[in-house]
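Notes follow the structure.
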Amino acid sequence: MNKEKKYLVTSALPYANGALHLGHLAGAYLPADIFVRYLRQTGRDVVFVCGSDEHGAAITMRAKKEGVSPQEIIDKYHALNKDTFQRLGISFDYYHRTSAPLHFETAQEFFLQLYRKGGEFEERTSEQYFDEEYQQFLADRYITGTCPRCGHTEAYGDQCEKCGSALSPTELIDPVSTLSGAKPVLRPTKHWYFKLDKHAGWLREWIEKGLLDGKQHHDPRLWKKHVVGQCLSWLDVEGGLQPRAITRDLDWGIPVPLDEAAGKVLYVWFDAPIGYISSTKQWAIDNGRDWEEYWKGDQVELVHFIGKDNIVFHCIVFPAMLKAHGDFALPVNVPANQFLNFEGQKFSKSKGWGIEQHEYLEAFRDFPNCEDALRYALIRIMPENRDSDFRWDDFVEYHDKELADNLGNFVNRVVVLTNKYFDGQVPAVDAFPAELAQVRDLIDQLCREIESYNFRAALQLLMDVSSFGNTYLQEVSPWQLWKEDPDHPEVRKCLYSCVQIVALLAALTEPFIPFTAAKIRKLVGWTDAADARLGDLLDRLANDQAPLAAGHRIGEPELLFAKINDRKDQSRLAIVESQKAKLQAILEAEKQSEHEPVKPTIQFDDFTKLDIRTGTILEAEKIPKAKKLLKLTVDLGFERRTIVSGIAEFFEPEGIVGKKVIVLANLAPRSLKGVESQGMILMAENEKGELAFVAPPDGWSDGFAVR
RNA sequence: GGCGUGGUAGCUCAGCUGGUCAGAGCGCAGGAUUCAUAAUCCUGAGGUCGGGAGUUCAAGCCUCCCCCACGCUACCA
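Residue numbers (the working numbering): 217 to 923.
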């Protein structure tokens with residue numbers, strides 16, 4: 217890596233309508249922090265920015281639901297997230313927010329640049345729901361209605377939370393405005409679309425080969441396979457990239473800076489990534505620097521740390537925006553992580569499954585060095601290339617076995633021995649020990665891993681350094697030699713080397729577990745963080761110079777980690793156990809109540825509108841290219857019907873021929889996968905989503921009513 | 001169904017462009033040791049590298065087919 221480079225590192229902007237959980241931390245914030253701390257330590261010019269993403273309908277919805285203003289929502293979560301990151305040691309140079317005037321300006325300028333340049337946008341007018349009472353167009357989320365798929369009566373305009381279907385507002389049956397409660401009407405409205413499709417060509421070359429304008433921009437082999445794979449699958453998707461709307465009819469957001477666009481704001485996905493730019497600008501203003509050095513020119517190394525849900529925006533949409541704008545550098549890497557699960561299940565706020573960052577800090581308040589305990593465990597299982605799972609038992613194991621027994625114990629035994637044998641002073645030796653050269657090799661490997669975004673491997677090498685120290689110490693066993701001769705040269709040499717290794721660990725731990733790094737610095741008698749700069753220490757090692765001079769006085773012994781499984785003190789184990797108990801309680805509660813609430817009361821007349829009949833399945837076959845659909849021929853006694861049913865995941869076609877069924881016979885026909893379905897088979901569904909036939913007894917006649 | 005990513009010792013996982021790649025950690029079983037937080041160190045375990053076929057002098061690593069898990073996507077009238 218080149219020291220002339222200007223590194224600009226970003227972590228995904230958290231959406232300011234909620235707290236973040238451990239999965240977010242492991243996915244986008246910890247890896248970025250490791251990378252940035254390492255770059256700083258090796259003398260690179262780096263700026264690390266982030267901030268709150270504070271626009272979009274989800275925030276206004278939440279505000280409305282809680283009866284507060286959107287401003288109160290974003291203020292609350294901006295402060296919470298910012299504070300929590302700081303407490304966890306995530307070392308942003310600037311944590312901005314997209315509600316700041318500077319960001320408005322930046323985003324509007326960006327929009328205007330593309331607008332004036334021409335060729336990047338197109339205008340489209342479409343029919344969208346409008347609330348006449350409130351005189352405004354309704355965002356998807358502001359419309360509820362009955363889901364056309366599952367019949368859920370409170371589906372949103374963009375998706376049904378019951379069956380998970382992605383919807384568009386016009387699909388909803390009986391749509392209702394959540395503002396007025398009235399039925400919205402369709403009205404034409406104009407929006408601006410970013411012509412993503414015209415960028416597909418160079419994007420492919422850039423992602424596949426790392427080429428940009430014919431020049432090598434980055435090494436595509438350093439990009440994660442799943443990142444490249446997902447991008448290419450988007451470029452390959454049927455019809456290719458499509459123009460994307462970048463404006464919305466909403467009153468919460470950044471106004472579109474055109475006279476003809478009153479009442480319209482920039483769509484949140486357009487405005488949010490520009491937040492990286494405005495965050496850098498604010499940092500530059502506060503520090504008397506030039507933000508453009510980090511965004512423009514050949515020396516810029518832009519790296520986006522995100523979760524895999526954001527790959528498309530950061531690898532396709534935002535790069536296309538930057539390229540279209542013209543002045544900006546494109547990311548050299550987007551090391552997206554996969555997802556972290558929690559004790560075998562997805563994090564779920566509604567179920568209470570998982571733990572949020574600030575909850576952890578609260579629950580582990582009395583746990584010494586709890587920040588690093590968490591950072592270590594999360595790095596250890598970081599979902600770099602596949603989904604991974606956080607388990608409290610692993611957390612305990614990593615903390616006790618690796619941090620306390622391996623690292624903490626090594627540091628402690630060296631500090632104790634040095635104090636005991638040499639009055640706390642680094643002993644003198646004749647020559648640079650070969651052991652330190654071996655450690656230097658490990659450190660070199662560690663650096664390479666970090667620079668390749670392999671943080672788990674780097675962490676393993678950190679532990680290897682400590683293990684090397686333990687093994688070496690054990691081999692020499694200076695305590696035995698010392699008993700025979702306190703002046704034995706091997707004793708001096710051994711402890712000299714070990715103290716130097718501890719000093720190196722003070723530097724090596726800094727990117728991963730910075731709170732511990734500070735403690736180790738104190739143990740080796742360093743008062744200034746600058747003493748433990750890895751870059752300087754590596755320069756010294758390269759010249760066969762050790763970090764600490766003979767005669768240097770180190771500190772008094774002090775434990776770095778208090779084990780969780782401690783015979784004398786159960787308090788830390790109790791904290792972990794209470795977390796496990798909490799999860800157990802959720803599982804229990806789940807078993808108890810798995811029943812959805814009863815729908816609103818209807819009249820008998822409503823029921824009599826349904827024509828439900830008995831029937832028999834005569835034929836069944838799978839519909840090609842559909843996972844769930846079976847095409848059934850059903851005998852209703854008086855006629856035969858073709859019915860498409862989404863039961864293929866649970867029933868083999870041959871297994872259900874002859875089966876008695878109950879059919880909703882007067883349902884309007886609808887075509888599915890090219891087959892017209894003339895009715896619906898009634899099925900019972902349990903809490904796992906499994907289906908079972910509801911049917912009259914075998915032998916019952918077909919075509920008779922169910923009432 | 002389409003696309004993507006994975007399926008390696010009991011568990012968690014490393015294995016880059018094919019030839020010490022059959023490995024590490026944990027667990028387990030022996031042994032050594034006492035400076036240290038019941039810590040440390042040494043030794044052992046013999047897993048058809050999801051299944052099958054193929055390419056090659058040589059294949060976890062390349063090709064094809066199949067199975068399984070996860071994600072995205074279409075579809076449960």
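Note that beta-carbon positions come from the ideal geometry of N, C-alpha and C, so glycine has one too.
According to DSSP, residues forming a beta bridge with residue i
i, result
"G361", "A371"
"K838", "L846"
"R340", "H407"
"L901", "Before going further, note that residue 901 is Glu rather than Leu in the sequence given. Answer by DSSP bridge pairing, in chain order: L907."
"G479", "Answer by DSSP bridge pairing: none, since G479 is not bridged."
"L892", "Note that residue 892 is Glu in the sequence shown, not Leu. Answer by DSSP bridge pairing, in chain order: S887."
"I828", "L880"
"E517", "Y223"
"W916", "Paired residues: none, contrary to the question."
"A748", "Paired residues: none, contrary to the question."
"K798", "According to DSSP, K798 bridges with nothing at all."
"L546", "Its beta-bridge partners do not exist; DSSP assigns none."
"S458", "Before going further, note that residue 458 is Gln rather than Ser in the sequence given. None, per the DSSP bridge assignment."
"F558", "Q561 and F606"
"A921", "R829"
Straight-line Cα distance separating residue j from residue i
i, j, result
"L518", "A228", "13 Å"
"W698", "F777", "28 Å"
"A647", "A765", "12 Å"
"A734", "T743", "9 Å"
"K281", "I359", "14 Å"
"R403", "Q352", "10 Å"
"K222", "P694", "47 Å"
"V481", "K524", "27 Å"
"M217", "L662", "Here M217 scores only 49 on pLDDT, less than 50, and its place in the model is too uncertain to base an answer on."
"G871", "V910", "16 Å"
"R923", "I828", "7 Å"
"A540", "P459", "14 Å"
"A242", "W916", "59 Å"
"V533", "D822", "48 Å"
"S564", "R672", "26 Å"
Beta-carbon spacing of residue i, residue j below 7 Å
i, j, result
"D851", "L834", "yes"
"Q716", "P763", "yes"
"H407", "T463", "yes"
"V645", "Y712", "yes"
"V443", "I522", "no"
"L224", "Q498", "no"
"P869", "L846", "yes"
"A295", "L412", "no"
"T832", "D914", "no"
"K889", "A836", "no"
"V632", "P489", "no"
"F626", "S682", "yes"
"F731", "E587", "yes"
First and last residue of the uninterrupted beta strand (DSSP E) at residue i
i, result
"T226", "K222 to S227"
"R857", "R856 to S861"
"H312", "Y310 to R313"
"A267", "The question names Ala, yet the displayed sequence has Gly at residue 267. Where G267 is concerned, the enclosing beta strand (DSSP E) stretches over D261 to S268."
"T463", "T463 to D465"
"S396", "Where S396 is concerned, there is no enclosing beta strand (DSSP E), given that its DSSP letter is neither H nor E."
Boundaries (first-last residue) of the alpha helix (DSSP H) holding residue i
i, result
"T496", "V484 to N503"
"T322", "P317 to K333"
"N686", "F671 to V692"
"S393", "Per DSSP, S393 belongs to no alpha helix (DSSP H); it is in the beta strand (DSSP E), I389 to S393."
"T725", "Unbroken run through T725: none, as it is neither H nor E."
"S668", "S668 -> no alpha helix (DSSP H), and no H or E assigned at all."
"L448", "K441 to D452"
Is the segment 331 to 342 close to the segment 259 to 267, with three or more CB pairs under 8 Å? no
So, does the segment 344 to 362 touch the segment 389 to 397, judging by three or more C-beta pairs under 8 Å? yes
How do the segment 841 to 858 and the segment 870 to 887 stand: do at least 3 beta-carbon pairs fall below 8 Å, yes or no? yes
Touching by the beta-carbon criterion (3+ pairs, under 8 Å), the segment 268 to 279 and the segment 229 to 249: yes
Any contact between the segment 544 to 553 and the segment 501 to 521? By contact I mean 3 or more CB pairs, one from each, below 8 Å. yes
Assess contact between the segment 740 to 759 and the segment 721 to 730, defined as three or more Cβ pairs (one per stretch) separated by less than 8 Å. Is contact present? yes
Does the count of Cβ pairs from the segment 586 to 595 and the segment 607 to 619 closer than 8 Å reach three? yes
If we count Cβ pairs, one from each stretch, closer than 8 Å, do we get three or more for the segment 488 to 502 versus the segment 558 to 575? no
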